[in-house]
Amino acid sequence: MRAGIVVKAARVAIVVALFAIWEILSRTGIVNPRLLPSASDTLTTLGDLLQRASVRKDLAVTATEVVTAFALAVPVGALIGFLIAENRYFADVAKPLLFFAFSIPKSIFLPMFILVFGVGFSQKVGFGFFSTIFIVIMSTTTAVESVKVEHLTVARSYGATPVQTAFRVYLPSMLPVLLEALRISMIFNLTGVILAEMYASRDGIGHQIATWGENFQMKQLLAGVVMIAVIAIAFNELVRWVETRCSHWRT
Amino acid sequence: MGGNTMQPLANITPLKPAGAIEVRNVGQIFKTTTQDVVALEDVSLDVKPGRFVVLVGPSGCGKSTLLMMMAGLRQQTSGTITISGAPIPEPDPNRVGVVFQEASLFPWLTAEENVEFPLALRGVTKSDRRARAQDALKLVGLDGFGKRHPHELSGGMKQRVSIARGLVQDPPVLLMDEPFAALDEQTRMTMGDELLRIWTATGKTVVFVTHSLTEAVYLADEVIVMSPRPGRIVDHLQVSLPRPRTYDMLSGDAFGSLRDRIWRHIRKSA
Amino acid sequence: MGGNTMQPLANITPLKPAGAIEVRNVGQIFKTTTQDVVALEDVSLDVKPGRFVVLVGPSGCGKSTLLMMMAGLRQQTSGTITISGAPIPEPDPNRVGVVFQEASLFPWLTAEENVEFPLALRGVTKSDRRARAQDALKLVGLDGFGKRHPHELSGGMKQRVSIARGLVQDPPVLLMDEPFAALDEQTRMTMGDELLRIWTATGKTVVFVTHSLTEAVYLADEVIVMSPRPGRIVDHLQVSLPRPRTYDMLSGDAFGSLRDRIWRHIRKSA
Amino acid sequence: ADTVRIGLPTKTYWPTTIAETAVRQKLFEKEGITAELTIYRGGAETFEAMAAGAADVILDATSLVSAGRKKGVNSKVLASAATGYYGWQLMTLSKSTLGVKDLNGKKVAITSAGSGSDLLALWTQQDKNIEFTRVPVGGGGLVPNLLAGNVDAAVVYSPLSFQISKSGEARTILDFSEEVPPNLAAGWIALDKYVQDKPQLVQKTLNALYGALMFMRANKDASVKLITELYEIPSEIAAQEYENTIMKLETDGSMDGPKIPEQLQLALAMAKAGGMKDLGPAAEIISTQFKPVPTKF
Amino acid sequence: MSAATIRRLIVIGLIALWEILPRAGFIPELFLPSLSSTLAAGWNEAGEYAPALAVTLYEVAISMTFACGGGILLGAVVGSLPRPRILIMPMVSSLYAVPLVILYPVFTVWLGIGSESKIAFASIYGFLPTMLATAAGIQTIDPQLLLAARSMGATLSQRLVRVIIPAAIPTVLSGLRVGGALVIVGVVVSEMLISSAGIGYLISRYRTILDSPHVFAGVLLVLAMAIAFNAAIKWIERKAAIWQTGTHAGQTAVEEIAPAALQPVT
Ligand SMILES: Nc1ncnc2c1ncn2[C@@H]1O[C@H](COP(=O)(O)OP(=O)(O)OP(=O)(O)O)[C@@H](O)[C@H]1O
Ligand SMILES: Nc1ncnc2c1ncn2[C@@H]1O[C@H](COP(=O)(O)OP(=O)(O)OP(=O)(O)O)[C@@H](O)[C@H]1O
Ligand SMILES: [Mg+2]
Ligand SMILES: [Mg+2]
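Protein chains in written order, with the numbering used here: chain A, 140 to 390; chain B, 939 to 1208; chain C, 939 to 1208; chain D, 33 to 329; chain E, 1245 to 1510.
Structure below.
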C-alpha cells in the first residue's frame, strides 16, 4: 500500500497500453477493422449508447437482476459451503453431488428456469443464482479448509459457539480466499444473468448484446462488452477496497 | 520492554469460587500413522480448590497433553477427569481457562483485540471489554502496545499478550503451559509475582507448567514431577515455604533441598 | 524424553572456515500503521571468527531483529552489516545458518524430512541426507521420532527438530534465537554441552540469544547486553572462564560476578 | 384487458417488425387486448418457451410443431406466415470467385446445427448435388468467420445479408427466397390447450398481427423508419428488408388454402432431410379454426 | 445411516424421479425425457457419441493441462511475490470480468473453428479461477515458514515447489477442482456455441431439433466426465493428506485415516 502511487501509475499505464495496442491494431489494419473496430470508435459508440434512455434502462434492469441474484446466492452458498466444510456427514452426502452439478454447463438448464419461473425478473435472478451458488459453495469449502487448527482450538477453549467461531475465527482467517471467491462469483453471476437475458428477454443489456452480435454490429457489441466489463471491474475494485481495509495485518 | 509499569488488574476480583480438579487413572494413547504412542499412563492427581500446582517433567513427557485434557480440549483414552465436580467433555470457559504453550494469537486482531476476544465471545460491552483488556495488557507490561498486530511484536511480547488473554477471562481454574518460557529473567520474575498476587486476591486454582525448577518452587504450593514416556507422576512435593514468597528464600536451605529433589528426578528421567 | 542417547554428529566436521561478523552503526525502524518504531539504534558489534557470542536483553529489545538482519532476512534501515567480509543483502546458507525463535517447522514434512530440508535444497543425495538427518536428530535426543509430523511432537521436541535442522546445514556462522527456551533444564544442559562440543570441533562462529543468564555465561566467550527500545548495546562482557566449562564453575565467584553484572543491566532496563 | 404473450425467435427477424408495428399502431388495443413481446435466442428456444407456458402465441418453424407433438407438446399452426426463406442468401466474399457448384468439398458457415440455416445448407447440397462441410458458428460468428476466411461461404439471414452485400464485403451466390420451392416454413403457433381455453384471444391476436402486416404494406415510409430504428441499420437496408421480406409475407394467413397441406408437407420433408426424426403427417398440425381478419388501422 | 448410503439413496431417488416424472407426464418430454429413453437414445447413437466423446476428452485433457498446470504455477508465483501481486492480480481478475462467452464467436475468427479455439476458451475459463484461488491460498501461508526456507537459501523455484505449493495444497486442490470443472464446462459450452464435433456440438444440434433424449444423453456423458475428474482429484487429495496436516483440511484428512487419533476439529 505504501508503493500505492507507483502501482496505481503502473496499472493505469498498462491499461492505456492495452487500449493503445487495440487502437493501433485496428487503425493500421493489422486486424481487420470490421472485425475489431478501433478503441476510439468503440468508446465513442459506448458514449452514444449511454445517451440512449433505452440502454440506460436495460442497464438498470440488468444491474437489479445481478445484485438480487448475488445478494441471494452468496449468503446461501456460503452457509452451505460452511456446513459442508464443518460437518463431515453433510459433506460426504453433498460434496460429490454438488461437484457434479457444478461440472455441467448451466445453460442446458435455461429452459427449466422458464418452465418454473416464466420469462422475467425471477427467471433471470433464478438463473443468476443457480450459476453462482455452486462456485460460492465450493470456494467457501476451500476457504474453510485453510483455517489453522490452533486458532480453532483457542476459540474452542474460550467456549466460542459455532456462530462465534464462524464469524470471529473462520471469517477473518478465510478472508483472502473468500474475497477472491467473491470476485469470481460475481463474474459467474453476471455471466449467468446475461446468458439468461440473451436466451429470452424483453429487456436487459444481455439481450441487446446478443442482438448486436447476431447483427454483426461490432462497434455496439464491443461497446456493450466494455460496458459489462466496466461493471464487473467496478465490483472487483469494491471487493479489493474491502480487502485492503481488512487485511492490513498481513505483511 | 515497553513501559514496565505493571499495575493491578482492577477487574479481576474474587467473583467465582475456585475449582477442584480430580484426575483418576487417566491414560492417553495417540494413534499415529506409524505406531501408537502411549503419552500418559495411569495418571491420578487431586488439586484442591485454590491451590497453585506446578507441573514439571522432561520435554515430551505429556504435560501439555494433560493440560489439554483438563481443559476439555482433548478426551482421555481412559480414566476420568472432573473439574469442580463435573466431567469436562467440552471446553467450558466458566470453569477453566487456558494459556497455551504457543502464543496462538489471531494474526488479524491487534494485541488489544486478541485480549478482548474471550470477553467479546461472552458479549461483554465494548467499553467494558476495552477497559479490562487495557488492564490486562498493563499487567503484562504491554501498555501502549495494544494497537499492534502480532507480527509486529517480539516473541516474548506475543507470549505476554497470550497470558493477558488468559487472565482477562477470570476463570476459577487457570491452566498455564510454560507461559514465561520466552521471557527474560527480570520480566519473568515480575510476571511471576503478578500472577501470585492475582492468585492470592482471587483464590483461583492454578496449574502451571514450567521448565524452570526455581520458578516451580518459588510459585508452587505443590510440585508434580512427571516421568517421560509413558508419562507418569513420579513425585508430588508439598512446598511449605511461607507466603508471600521473596527472592531471598531462593538461597535458603528449604528451597535448595526441594529444588534438588526435583532435579534428581528430572536428571534421572531425561 | 525419548532415548536421550546423544551421539556425536559424525558429519559435522570443520569443512569451512568460520566467519566474522561486523555490525556498524546499525539502526532498524519499523513503520507500523499507527507509528514508527525504532527497534534498534546505532548498534555496532564485532564478532571475530570462531567466537561464541551470547546476546541477552529484555523482551522486545531487538535481539531477534538483529539476528534477522545478520541472516540477511531483513535489511537494516541504516548502517552496514558484513558477514565474512561481505554484506548480506540476501540470506546465504553458505555463510549463515539460523535457528528461529519459533520452531517454524513445515507441518507437511516429518521431523526427519524437516531436518533434511536444507540439504535437499542443495541437492544432497537422498541416502546421504537421510544419514545426516538421523545423526542430527540423535544429537538432539529425538532418535526414533524421525517419522513423526510436527503436530505429533511436544513443544520442546519441535524446538529440538528446529535445532537439528540448523545444525545439519553446517554453516560457518550459526545464529540461534532462544533455541533452548522450551526445554527442561536437564535437556537444556545436555544440548548446551553438545553445542559447545560441535562448536569446538568445527570452529564455527555462534551468535546465541537466551534469557537464561546462567546459560549465557556458561556458553559464551562474550556476552552482549542490550537495552530496550530503542535497542542499544549497553554492555559487552568477556567471559574468561576456562574451557571446557563444567557445571561446578556455576558456583564459582567469577561466574557469579559476571552473572550479577548482567543481571543488574537487565534489572535496570526491564 | 387480456394479455397475450407473443414469442419471437430473434430480434432482427421479420416477425419482430410485425409485432412491434402492431404494438405501435395500437392494433392490440383496438382489439381490446394487450400484448407482451418476448424475444428468444432462436426458434427452438421460442418453441420451448411456449411449451413451458411462458409464451402464448409464437412465430416459429412449422417443423418444430411436428417434432414437438412427439415430445408431448401439443400445438398447431394457426396461420401461415411465410412460404419462403425471404432474405436468406448463400454468400461468399466479394473477392472470391466461387460459385455454388465450386463449394464441393469446401466449408460453409451456418448458425447452428439443425437450425434454419442448416436446413438451407442441406437443401443446397441435395439440390445442387454437391458435398460441403457445414460449420456451425452461431449468429454472431457468421460474418466474422466469412471475413476472416475461416469458411468459404455462409448462409446469411436478412437484413444482415443485405447489409454485407451493400457494404461490398460479400456477394450472393444463391438466393434462397428464389430457389427454394414454396413451402410453409413459418407460421403463427399456439398450444392446443391455449387455443381451447382462449379462442377469442387467439383470434384477436392474429387479427392484430395481420392488421400490422396490412399497415406495413400500405405505409412504406413509416415501416422503413421503424425497421431502421429497431435494427439500428441504414434506411437503404431497411428499405431492402421491406421490399424483400415484408412485402413477400402471406397476407391471408388462412390455413384453409388448398396448397397449405402440400406446402407444409414439403417443409416437413426438408426438415427430415435436415436430420429431424419422428415427424408426423402435416395434417396433424394444421388448425383451420382461425381466419385472421386484419384489424383496421 | 452412513453418508455414503444417504448419498446413494439421494442418487437413486433422483434417478427414480428422472424416470417417473416424465413418464407420468408431470414434465413434458421436451424438457426432461425419461432416463430410459435417454439411455436408449444414447445407446442407439453410440456410433455418433463415441467419436464425439473422444474429441471432447482430447480438448478437455489439453485445456486441463494449460488451465490447471499453468494456473497453479502462475498463481503460486503471483501469490508469493508481493509486487507482481499488487500489480497483476487486479488486472487479471478484471480481465476475467470481460464476458468471454459473448465474444467467443468473434474469437473464433483468430483461433479458427477447430479444437484450438475450444482449448483456448476452456483454458482461459479454467485458468483464472485456478490461478486466483492458488494465489489467494498462498496468502494464508504462515510467513514464518517462508522466512525459514529463505534462511536456508531456498531459491524462488524451490520455495515454490517445496514450501508454497505444499502449504497451500488444500486451496490449490480446491482451485484445481473448480478449474477442472470449469474446463469441462468451457469445452462443452464452446462446442455448443461453435463447432462441428464433440459432445457439446451434439447437445446443441439435438436441442435445435427438439430431440431431448439425445440432448440428455450428451449431458449424461458430461456428467460421466465430471465423475471421472472428481475421482482423480479425490485420489490426489488422499495422497496429499498424508503430508498436509497443519490445517483444517489436513486435520480432516488425517482423521479419515485414523479416526480415533484426533479430536474432531470443532
Ligand atoms: N497429536 C499427537 N499425535 C501423536 N503424538 C503426540 C501428539 N501430541 C503429542 N504427542 C506425543 O505425546 C507426548 C507428550 O506430548 P506433550 O506435548 O504433552 O509433551 P510436553 O510434556 O508438553 O513436552 P514439552 O515440554 O516439550 O512441551 C510426546 O511424545 C508427543 O510426541
Ligand atoms: N514487523 C514489525 N513491525 C513493527 N514492529 C516490530 C516488527 N518486528 C519487531 N517489531 C518491534 O521491534 C522490537 C524488537 O523486536 P524483537 O523481536 O527483535 O525483540 P526481541 O529482543 O527478540 O524480543 P523477545 O525476547 O521477546 O523475542 C519490538 O518492540 C517489536 O514490537
Ligand atoms: Mg508442552
Ligand atoms: Mg525474539
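All C-beta atoms in this analysis are idealised placements derived from N, C-alpha and C, irrespective of residue type, glycine included.
Computed from a predicted structure; not experimentally measured.
- Taking a Cβ-Cβ cut-off of 7 Å, the neighbours of Asp1030(B) in chain A comprise Gly298, given in sequence order.
- Ranking Ala67(D), Lys58(D), Thr204(D), Ser144(D) by CA distance to the CA of Gly307(D) puts Ser144(D) first.
- Residue contact with chain A for Glu77(D): present (Cβ-Cβ distance below 8 Å to some residue of chain A).
- At a beta-carbon threshold of 7 Å, the residues of chain C lying near Arg1394(E) are Leu1011, Pro1029, ordered along the chain.
- With the rule of 3 Cβ pairs closer than 8 Å, the stretch 979 to 991 of chain C counts as touching the stretch 957 to 969 of chain C.
- With respect to chain C, the C-beta atom of Leu1391(E) has a partner C-beta closer than 8 Å.
- Residues Tyr1445 of the same chain have their beta carbon placed closer than 6 Å to that of Ser1439(E), with the five preceding and five following residues left out of the count.
- Under DSSP, Ala217(D) forms no beta bridge with any residue.
- At least one heavy atom of ligand 4 lies less than 7 Å from the C-beta of Gly1093(B).
- Near chain C, meaning a CB-to-CB distance below 7 Å, the residues of the stretch 1062 to 1095 of chain B are Lys1085, Arg1086, Glu1090, Ser1092, Gly1093, Gly1094, Met1095.
- Given a length threshold of 4 residues, each whole run of the alpha helix (DSSP H) inside the stretch 1354 to 1414 of chain E is given here in chain order: 1359 to 1383, 1387 to 1395, 1400 to 1403.
- Within the stretch 1462 to 1480 of chain E, the residues whose Cβ lies closer than 8 Å to any Cβ of chain A are, in chain order, Val1463, Val1466, Leu1467, Met1469, Ala1470, Ile1471, Phe1473, Asn1474.
- Approximately 14 Å separates the beta-carbon atoms of Ile38(D) and Leu245(D); this is outside 8 Å, ruling out the contact.
- The C-beta separation of Val167(D) from Ile1357(E) comes to about 6 Å, placing the pair in contact by the 8 Å criterion.
- Around the CB of Asn276(D), 16 or more other CB atoms lie within 10 Å, so the residue is classed as buried.
- By the Cβ criterion, the stretch 1066 to 1078 of chain C is not in contact with the stretch 1404 to 1412 of chain E, since fewer than three pairs of Cβ atoms, one from each stretch, lie closer than 8 Å.
- Interface annotation for the stretch 1329 to 1348 of chain E against chain A: Ile1330, Leu1331, Pro1334, Met1335, Ser1337, Ser1338, Tyr1340, Ala1341, Val1342, Pro1343, Val1345, Ile1346, Leu1347, criterion Cβ-Cβ distance under 7 Å.
- Residue state for Lys328(D) is assigned as coil, using DSSP reduced to three classes.
- Restricting attention to Ile326(A), Thr207(A), Ala224(A), the CA atom closest to the CA of Met313(A) is found in Ala224(A).
- The beta carbon of Ala1393(E) is closer than 8 Å to those of Gln1402, Arg1403, Arg1406, Val1407 in its chain, skipping five residues each way along the sequence.
- When the beta-carbon positions are compared, Pro1029(B) and Pro1109(B) stay at least 8 Å from each other.
- Identification of chain C residues near Val1407(E) by a Cβ-Cβ cut-off of 8 Å yields Phe1044, ordered along the chain.
- Close partners of Gln1039(B) in chain C (Cβ separation under 7 Å): Gly1093.
- With contacts defined as CB atoms closer than 8 Å, Val992(B) and Ala1154(B) qualify as a contacting pair.
- Per DSSP, the continuous alpha helix (DSSP H) segment holding Asn1052(C) begins and ends at 1049 to 1059.
- Relative to ligand 4, the nearest heavy atom lies less than 7 Å away from the CB of Gln1039(C).
- Our two residues, Val332(A) and Gly289(D), have alpha carbons roughly 44 Å apart in a direct line.
- Chain B places no beta carbon closer than 8 Å to that of Val302(A), leaving this residue out of the contacts.
- Residue burial is scored here from C-beta neighbours: Arg384(A) has fewer than 16 other C-beta atoms within 10 angstroms and is therefore classed as exposed.
- Taking all protein chains shown into account, Ala305(A) has 16 or more neighbouring C-beta atoms within 10 Å of its C-beta and is therefore buried.
- Here Glu1040(B) is buried: its Cβ has 16 or more other Cβ atoms, across all protein chains shown, within 10 Å.
- For Glu1303(E), the enclosing alpha helix (DSSP H) covers residues 1290 to 1308.
- Ranking Tyr1348(E), Trp1354(E), Ser1338(E) by CA distance to the CA of Glu376(A) puts Ser1338(E) first.
- Against chain E, the CB of Ala222(D) has no partner CB under 8 Å away; the residue lies outside that interface.
- Nearest to Arg1199(C) by alpha-carbon distance, out of Thr1184(C), Pro1180(C), Met1187(C), Val1172(C), is Val1172(C).
- Per DSSP, reduced to three states, the secondary structure at Val1163(C) is strand.
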